[in-house]
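Read the structure below first, then the notes.
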Amino acid sequence: MPAKRHYKVLIIGDRCKDCGICVYVCPTNVFEKSRKLMNKKGYWVVSPAHPELCVGCKLCEYMCPEFAIVVKYSPKPYSEVIMSSGS
Ligand code: SF4
Ligand code: SF4
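If you're matching positions, the sequence shown starts at -7 in the working numbering and goes up one per residue.
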């Protein structure tokens, strides 16, 4: 049986507009709406709270209208929010 793969779920926080699409489309409930971190545009940034549940389908990455999510293989489940936008 192949080893279980793990993923890193990265949010580019300054791009997030708190639309909730990622929360809606993720089949394993990796994301949570959060009121902990506000970006410079004044939006609350979604929280990738449960990276250990990620199955790497990339639906979130494809569906985020702001291109604010990147999912990659990782040696262990991991999530990060970075606040530099590049756009
Ligand atoms: S889909 Fe993108 S913009 Fe919308 S809440 Fe998720 S990360 Fe933020
Ligand atoms: S890649 Fe799939 S399982 Fe992982 S966070 Fe995105 S939508 Fe959820």
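Using N, Cα and C, we set each Cβ at its ideal position, and we do this for glycine too.
Any non-hydrogen atom of ligand 2 within 7 Å of residue i CB
i	result
Y(-1)	yes
L51	yes
DSSP three-state assignment for residue i, whether helix, strand or coil
i	result
L29	coil
E24	strand
V37	coil
E53	helix
V1	strand
Test item: CB-CB of residue i and residue j under 8 Å
i	j	result
C18	V38	no
P43	Y16	no
A41	I3	no
D6	K32	yes
Closer than 7 Å: residue i CB and nearest ligand 1 heavy atom
i	result
C14	yes
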